[in-house]
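For the sequence shown, numbering that gives the first Met the number 0 assigns the number 0 to the initial residue and increments by one for each residue that follows.
Note that the Cβ used here is the ideal one computed from N, Cα and C, for glycine as well.
All values reported here derive from a predicted model rather than from experimental measurement.
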Amino acid sequence: MSTPLSALPQRGIAVAALAPWVIGVVTGIDYFDNALFAFFASYIAGGVSASADELVWASSAYALGAVLGILLQHAWVERIGYRRYLAISMFAFAAGGIFAALSDTSMQLMLARGFQGYFVGPMLGACRILIQIGIPLQRRAKSLRAFMALIIFSGALAPVIGAWLVTHFEWRSLFFCTAPVAVLTGALALWTLPDIGDVAPHQRTEPHYVAYIVFALAQAALQLVLTRAHFELFSGSPTLIGLAVAGIAGLGWFGYHQWQHPAPLVRLQGLRVASFQVGLALYVVYYCLSTGFSYLLPRMMEGGLGFTVGDTGYFTGVMSLAGGLMMFVYTKFSSRVTRKRWLVVPGFVIAAVAGFWLARMSPQAGRAQLVVPLLLRGLMMLFVMLPVAGVTFRAFKGEDFAHSYRLKNLLRQLAISFATASVIALQQHRVALHETRLGESANLGNATFVQSLDMLTRGFQAAGHAASEAHAMALASLSRMLEQQATFMASLDGFQVMAVIAIVAAIYAASQKVLD
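Okay, here's the thing in structure tokens:
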């Protein structure tokens with residue numbers, strides 16, 4: 000049967016010291032993988048010739064796999080314990096990464112990402128719960144600091160490592176790179192983590208097969224609606240309306256079933272606690288903002304400002320690492336701020352300032368103009384996620400904490416999926432709008448356009464090209480410039496939306512006294 004983590008000294012001091020770091024690395028792999036996919040999504044899509052809606056499918060498949068994995072996380076732990084559960088998840092995630100790297104079509108990538116999501120999506124909740132219920136109280140604070148450090152720096156390192164990989168290799172290396180790390184981490188989990196969590200057969204939670212299948216079908220229906228509603232008119236599609244109604248009804252029945260059941264897969268009674276409700280709402284907004292910034296930044300820098308993929312990854316990664324270093328200052332002084340509301344509100348204000356700053360960026364902007372908004376973006380996690388985490392779960396102990404954290408992790412995956420689909424759709428819509436407007440001015444009646452066309456044509460003729468060929472090359476060059484300008488302007492629109500969302504969140508947080 001299970002051995003408590005407080006018995007670690009019998010296994011050796013080195014193992015006891017290493018165990019919290021292994022737990023942190025497991026979670027870090029989850030954040031690294033999410034950041035890598037969000038940052039290099041268009042690069043990956045190009046590798047498998049995926050359109051914008053097919054890219055959304057890959058993100059939605061990951062979220063669906065993750066929420067299904069989170070629902071069964073408790074059942075798996077009760078049967079095999081945390082040690083084997085974390086190890087198996089790491090091995091399976093590595094296999095999924097290899098499958099994703101070998102994908103040649105968007106459908107293969109979608110299936111691989113769904114498989115990865117099932118095993119790595121629950122890791123944040125599983126590892127945080129393991130620290131709370133397994134690490135002795137005298138070592139828990141240090142373990143939590145290691146846990147948070149690995150989350151912050153894993154996400155910050157993803158653009159740097161990804162930029163180096165795509166510069167020297169190809170997009171497949173983005174998935175190959177995580178496989179050996181996951182295998183090694185799984186092996187270390189088997190060595191360092193004692194058995195904890197598994198129980199006798201008569202004490203195990205029921206599998207809830209019918210409820211699980213209903214939830215899976217309902218969630219799949221809603222994910223389908225989410226991915227298609229951005230690319231076709233919702234009100235004009237009876238299929239989408241029917242799927243939305245069926246999905247909502249299925250989730251409603253699942254929620255009622257779990258609320259009434261004495262041993263549910265996920266306990267929903269925590270939603271009665273006001274601080275938990277507010278915390279979940281702020282978590283959802285934070286994950287939407289974080290995902291939106293991660294997607295929009297490389298599009299603006301590469302598609303709008305002319306940065307190479309390598310320069311974009313290196314620069315944004317270094318800025319994120321610089322912001323992450325502030326975690327050590329935060330952990331030292333944040334305890335002096337008893338009213339966490341006055342950390343959360345400035346955090347959203349910081350995000351809003353970063354969004355508005357980026358939305359006012361000039362097409363001639365370089366690294367110097369990007370330093371401050373990128374540093375501010377990095378501070379958002381410290382001022383929002385860390386204090387919100389402390390407030391959200393302060394009312395829960397033991398098994399109630401485990402259930403509440405699993406529910407929060409479910410919402411995290413859904414928020415990331417929704418934000419990814421929404422920001423891709425927003426980018427596509429605004430690019431098309433700006434291309435149309437810019438294209439209206441690209442005609443022979445516009446003196447500036449004619450002058451630019453003539454200048455480029457003469458330049459190509461001077462380089463030795465025939466007149467007709469030089470004219471065609473000049474038109475192609477102006478078309479690329481128009482596309483770059485449209486991408487840049489669409490990114491600015493996206494940052495403005497992020498800023499408005501952050502302002503609304505700041506007002507909401509300021510009104511919530513439960514944060515104190």
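inquiry  = Check whether the segment 115 to 124 and the segment 21 to 29 touch, using three or more Cβ-Cβ pairs below 8 Å as the test.
reply    = yes
message = Let's see if you can read the secondary structure: which residues bound the alpha helix (DSSP H) around lysine 141?
response = If you number the sequence shown from 1, residue 141 lands on position 142. That run of the alpha helix (DSSP H) goes 136 to 167.
query = So glutamate 77 is in the alpha helix (DSSP H); what residue range does that whole segment cover?
reply = Indexing the sequence shown from 1 puts residue 77 at position 78. Where glutamate 77 is concerned, the enclosing alpha helix (DSSP H) stretches over 72 to 100.
task = Report the rounded CA-to-CA distance for alanine 15 versus leucine 324, giving the unit in angstroms.
result = The residue labelled residue 15 in the question sits at position 16 within the sequence shown. The residue labelled residue 324 in the question sits at position 325 within the sequence shown. CA-CA distance, alanine 15 to leucine 324, rounds to 26 Å.
task = With a threshold of 16 other CB atoms inside 10 Å of the CB of aspartate 453, please say whether the residue is buried or exposed.
result = Start at 1 with the first residue of the sequence shown, and residue 453 comes out as number 454. Exposed, since its Cβ has fewer than 16 Cβ neighbours within 10 Å.
ask   = Just curious, the alpha helix (DSSP H) that leucine 281 is in, first and last residue?
value = For this step, residue 281 is matched to residue 282 along the sequence shown. Note, leucine 281: alpha helix (DSSP H), 273 to 297.
query = Smallest Cα separation from valine 348: which of His207, Tyr329, Ala388, Arg376?
reply = Mapped onto the sequence shown, residue 348 falls at position 349. Among His207, Tyr329, Ala388, Arg376, the Cα nearest to that of valine 348 is on Arg376.
key: Cβ-Cβ distance between threonine 166 and glycine 309 below 7 Å   = By one-based count along the sequence shown, residue 166 stands at place 167. By one-based count along the sequence shown, residue 309 stands at place 310. It is a contact, given that the beta carbons lie within the stated cut-off.
query = Do the segment 316 to 330 and the segment 262 to 276 touch if we need at least three Cβ pairs shorter than 8 Å?
reply = no
message = Between Val499, Asp399, Ser510, Thr104, which has its C-alpha nearest glutamine 131's C-alpha?
response = Working through the sequence shown from its first residue, we reach residue 131 at position 132. In terms of CA proximity to glutamine 131, Asp399 leads the group Val499, Asp399, Ser510, Thr104.
query = Per DSSP, what kind of secondary structure is glutamate 205 in: helix, strand or coil?
reply = Locating residue 205 in the sequence shown gives position 206, where the first residue counts as 1. Looking at glutamate 205 - three-state DSSP - the assignment turns out to be coil, as it is neither helix nor strand.
inquiry  = Going by beta-carbon coordinates alone, are tyrosine 313 and alanine 162 separated by less than 7 Å?
reply    = Working through the sequence shown from its first residue, we reach residue 313 at position 314. Working through the sequence shown from its first residue, we reach residue 162 at position 163. Yes, Cβ-Cβ distance for tyrosine 313 and alanine 162 is below 7 Å.
ask   = How would you write the range of the alpha helix (DSSP H) that leucine 378 sits in, first residue to last?
value = Indexing the sequence shown from 1 puts residue 378 at position 379. First-last of the alpha helix (DSSP H) with leucine 378: 366 to 379.
Where the alpha helix (DSSP H) through glutamine 363 begins and ends = Your numbering for residue 363 matches position 364 in the sequence shown. No alpha helix (DSSP H) holds glutamine 363; DSSP gives it neither H nor E.
task = Could you tell me the boundaries of the alpha helix (DSSP H) in which threonine 177 lies?
result = Position 178 of the sequence shown, counting from 1, holds the residue named residue 177. Counting along the chain, the alpha helix (DSSP H) containing threonine 177 begins and ends at 177 to 191.
task = Consult DSSP for glycine 120 and reduce its assignment to one of helix, strand or coil.
result = Within the sequence shown, the letter at position 121 stands for residue 120. Three-state DSSP puts glycine 120 in coil, outside helix and strand.
key: Sequence-distant residues of the same chain with beta carbon closer than 6 Å to alanine 91, five excluded per side   = Sequence index remark: in the sequence shown, residue 91 carries index 92 (1-based). These residues qualify, in order along the chain: Phe118.
ask   = Mind checking whether alanine 181 and methionine 299 have CB atoms under 7 Å apart?
value = Counting from one through the sequence shown, the residue named residue 181 turns up at place 182. Counting from one through the sequence shown, the residue named residue 299 turns up at place 300. No, the pair does not count as a contact, with Cβ atoms beyond the cut-off.
request  = Under the assumption that valine 56 contacts serine 102 (Cβ atoms under 8 Å), give the Cβ distance between them as a whole number of angstroms.
outcome  = Working through the sequence shown from its first residue, we reach residue 56 at position 57. Working through the sequence shown from its first residue, we reach residue 102 at position 103. Reading off the sequence, residue 56 comes out as tryptophan, not valine. So it is not a contact: roughly 13 Å between Cβ atoms.
key: Test item: CB-CB of alanine 504 and valine 284 under 7 Å   = The residue given as residue 504 occupies position 505 in the sequence shown. The residue given as residue 284 occupies position 285 in the sequence shown. Cβ distance < 7 Å, so alanine 504 and valine 284 count as in contact.
ask   = Is the beta carbon of glutamate 301 sitting closer than 7 Å to the one on valine 198?
value = Locating residue 301 in the sequence shown gives position 302, counting from the first residue. Locating residue 198 in the sequence shown gives position 199, counting from the first residue. Going by C-beta atoms, glutamate 301 is not nearer than 7 Å to valine 198.
inquiry  = If you measure between the beta carbons of arginine 338 and aspartate 515, is that distance less than 7 Å?
reply    = As a position in the sequence shown, residue 338 is number 339, starting the count at 1. As a position in the sequence shown, residue 515 is number 516, starting the count at 1. Their beta carbons are under 7 Å apart, which means arginine 338 touches aspartate 515 by this criterion.
key: Integer-rounded CB distance, given that leucine 455 should sit under 8 Å from alanine 473   = For the purposes of this step, residue 473 is taken as the residue at position 474 of the sequence shown. For the purposes of this step, residue 455 is taken as the residue at position 456 of the sequence shown. That pair is a contact at about 4 Å.
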